[in-house]
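Have a look at the structure below before the remarks.
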Amino acid sequence: MKILDDEERNAHWNAVLRQGAIGTVVGLGVSAGIVTFMKRKQPLRYQSFNASLKTAMWVMPTITIGAFFADEGSVKFDEEMHRSDYLNQQEAEKLKEWNKMSLSDQIFTRVNDNKYKIIISAWALSLWGSWHFVNKDKYLSTTQKAVQARVYAQAITVALLLGTVLLSMHEQELKKKQPPPVPEWKKFLDEQESHKKEQAAHQKEQAAHKDKPEEKGNEQKTLEKKSDEKKELLKQEGNKESL
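If you count the sequence shown from 1, you need to add 615 to reach our numbering.
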């Protein structure tokens, strides 16, 4: 269990408040959109609402989205502060692979990573667009409009499914181009081996630094010995000349 200090606790609280404020603003925008839609499209029904229901139309989306953003801010803060070195290394490897990709492959990867969000959003938009398009025809009954809108929506759904298949096929092609992934146990062994080599090199360097003063001392002694020998020879030669 990790004990948080005051600085980290305050930073976490500030991150939650900041994201919560952003979510509150977004929630107010959603609430304003809902209320505006009801006033314009269903004015009589909106006027029939009591004060509690009208207040809830403003409060519920604001609180819900604000709480969601605040929770996401807390999770992201924890990930940034307490994530392990292993996760950081994985992200560095992913970034390295990302930089090696071409622009088209990068665009495809982004689309493929968010394909389910895109498909669901496009499907919901197709339902609304189909009904909005068919509803303009004043000569069709409501039942006929619903059938016609369903036909359009089904066609768009089939197109989205085909797009999903194409994305999966292209993803398989990209995986074939990439080198086979290295098993995690092999990565661990390689890291341990590299760490041992670094330690051995560091110890060798320290030993070399320790030996250098001794070598310098030996060199100094040798020079002093040679100097003494020269002095002795000069003294002997001087004595011979005096004789």
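Glycine included, every Cβ here is placed at the ideal spot set by N, Cα and C.
Leaving out the 5 sequence neighbours to the left and right, which residues in its chain are closer than 8 Å to residue i when beta-carbon positions are compared?
{"i": "R765", "result": "S745"}
{"i": "E708", "result": "none"}
Grouping DSSP H, G and I as helix and E and B as strand, with all else coil, what is residue i?
{"i": "S756", "result": "coil"}
{"i": "K751", "result": "coil"}
{"i": "S717", "result": "coil"}
{"i": "N729", "result": "coil"}
{"i": "Q787", "result": "helix"}
{"i": "Q793", "result": "coil"}
Ignore the nearest five residues each way along the sequence and tell me which others in residue i's own chain have a CB closer than 7 Å to its CB.
{"i": "Q704", "result": "none"}
{"i": "P798", "result": "none"}
{"i": "E695", "result": "none"}
When you compare each of the options to residue i by their alpha carbons, which one comes out closest?
{"i": "A774", "options": "I735, Q818, Q787", "result": "I735"}
{"i": "A737", "options": "I771, R655, Y661", "result": "I771"}
{"i": "I680", "options": "T639, D621, L668", "result": "T639"}
{"i": "T670", "options": "T779, S646, Y767, L659", "result": "S646"}
{"i": "W743", "options": "S756, K792, Y767", "result": "Y767"}
{"i": "E712", "options": "F664, F723, S756, Q793", "result": "Q793"}
{"i": "T779", "options": "I733, A666, S663", "result": "I733"}
Within 10 angstroms of the Cβ of residue i, are there 16 or more other Cβ atoms? Answer buried if so, exposed if not.
{"i": "S741", "result": "buried"}
{"i": "Q634", "result": "buried"}
{"i": "G648", "result": "exposed"}
{"i": "P795", "result": "exposed"}
{"i": "A823", "result": "exposed"}
{"i": "A815", "result": "exposed"}
{"i": "G688", "result": "buried"}
{"i": "A685", "result": "buried"}
Here's a check: name, in chain order, each residue in its chain whose Cβ is nearer than 6 Å to the Cβ of residue i, leaving out the five neighbours to either side.
{"i": "L782", "result": "N727, K730"}
{"i": "M653", "result": "Y661"}
{"i": "V749", "result": "K760, Q763, A764"}
{"i": "G642", "result": "P676, T677, I680, G681"}
{"i": "W673", "result": "S646"}
In chain order, each beta strand (DSSP E) run of at least 3 residues that lies wholly inside the stretch 635-696: none
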